[in-house]
Structures are given as structure tokens and as C-alpha cells.
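The structure appears right after this line, and notes come after that.
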Amino acid sequence: MLELADRYASEAYAARRGGSTPSRGTFFMRTIYLVRHARYQNPKKINPVRMKGFPLSPSGRSKATELGNYFKKKNIFAIYTSPILRTKETADIIGKILGIKPKINNLLIEVRTPFQGYKISYLHKNVKDVYTDPFHTSHGGETVYQIYDRMKKVIDFYLKKNKDKNIILVSHGDPIMAYYGFNKGKKVTKEKTFTSLVKPSYIPKGGVIKATFKDDGTLQEIKPVNY
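Numbering follows numbering that gives the first Met the number 0, in which position 76 of the sequence shown is assigned residue number 75; successive positions increment by one, without gaps.
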């Protein structure tokens, strides 16, 4: 199915470029690549979330370059990124290779949580699941459903805006996994927390999830492609 989707995308690309027109009755598949930012500098090992700073590390810049080369033959028309520095730098490196200037969309931002700035070691030891923790829920932390809703909103918008075009969205781990998990039929309950549901397949830094859509915007397939 992925090979078929790539063929339809290539035919659409050729038609827009003045090449051969797809045969009558052909339907187009569109692909959105959900990219998590690459590794970043974090010497104090804290949970930065939406904090300023935290540029990519040398290995992170190398990974972003690898991603840019991966996308060279994917007929990418646009790149949109979270406003956070580590995502912007990842998007900029990819964009430079592809000759595309990334645009910022605030809906792709990292989650809102009062645990921002906490030591990662403290969170691992004391917080079983951020989204059900009383401190998070009572201090304005986003719910998993709110995160999914904003990710769905931005993806639905770009499906309409960029019809028959492949695009890249550079975001963060939890927002990407909320969209992925819900579309894989996973549900968050009191007994099955977000953390326990996504842990086996959690997207690594520099990871890519490929979401393929039918012409009417219906999700055809969603799956990791490089991990």
C-alpha cells in the first residue's frame, strides 16, 4: 500500500509540473510526515517542554541532516514547525536541504505542563503518568485529549490547504504520539494511562511517522518509518 501511495503522489507531482496527466479515475494519496525534533543540548537534564533555549546537539544536527536527505525524493511541498527552538532548528536543516523555508504553527508546540523545568530524574522517580498526576491536572496542564484535538486540527487544516501535496510537520514526542495513538485505536483510561499505551512504540528524537490520506482526507495508514 505504501508503494502504491508513493506512485499516486509521484503522478500528482508530475501533473502539476506539466508532465503526464494521471489516467481518468485515478485517486490521489497525500502524505503527512510527523517528525520529532532531533537531539538537543540539555546539560542540566531537565524537562524543558516550552522553555527557551536548548539548541540541537552535534548529533542532533547530524540526524536532522540525515532526515533532510531522506526527504529529498518524497516530493515535499511544505514544512511546518513548532515555535520551540529544537524543532525550528530541525526544520531549518531539513528545509535547507530541500530548498523549502519552514513556517511556524503554534498548534505544533510542546505540551503545556507545570512540570516544565523539573529534573528528568525526579519525574522518572516520582511521576507515574504526567497526565493523570494531580499536580499536572490542577495546575493547568493539558489533557491528552486537548493535545490530540490541536494536532488533529492542524493536520486537517493542512490536508485542505495542501491538497495532493506531501508535507512535513516538525513537533514533539507527546503531541505526535497522541495523534498516532488515537488513530491506532488506543484509548486512555484510568487503568490504561497514556504513558503505558505509547511506551512500546514511543517515537525517538529524529523519528518519523508517516500518515497517508485518501483524497477525501480519510486516514489510510499511519506507521513509523525509521524506528
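By construction, the Cβ of each residue, glycine as well, lies at the ideal position given by its N, Cα and C atoms.
Model, not experiment: these values are computed from the prediction.
{"Query": "I'd like to know whether the C-beta atoms of Thr86 and His171 end up nearer to each other than 9 Å.", "Result": "yes"}
{"Query": "Three Cβ pairs or more, each shorter than 8 Å: is that satisfied between the stretch 105-120 and the stretch 45-60?", "Result": "yes"}
{"Query": "Quick check on Gly67: buried or exposed, where buried means 16 or more other Cβ atoms within 10 Å of its Cβ?", "Result": "buried"}
{"Query": "Do you know how far the Cα of Lys209 is from the Cα of Tyr32?", "Result": "5 Å"}
{"Query": "Between Leu218 and Asn182, how many whole angstroms is the CB-CB distance? I'm expecting something under 8 Å.", "Result": "6 Å"}
{"Query": "Note down, in chain order, each residue of its chain lying with its Cβ closer than 8 Å to the Cβ of Ile154, except the 5 sequence neighbours on either side.", "Result": "Ile31, Leu168, Tyr178, Ala210"}
{"Query": "Using DSSP with H/G/I as helix, E/B as strand and the rest coil, what is Leu200?", "Result": "According to the sequence as given, residue 200 is Ser; it is not Leu. Helix, per DSSP."}
{"Query": "Taking all protein chains shown into account, decide if Tyr226 is buried (16 or more other Cβ within 10 angstroms of its Cβ) or exposed.", "Result": "exposed"}
{"Query": "By a C-beta neighbour count over all protein chains shown, 10 Å radius and 16 as the cutoff for buried, is Val224 buried or exposed?", "Result": "exposed"}
{"Query": "Would you grab the beta carbon distance between Pro133 and Ile108 for me? Rounded to a whole angstrom, and I think it's under 8 Å.", "Result": "The pair is not a contact, with the Cβ atoms about 24 Å apart (cut-off 8 Å)."}
{"Query": "Report the residue from Met28, Lys152, Asp163, Arg38 whose alpha carbon sits nearest the alpha carbon of Pro174.", "Result": "Lys152"}
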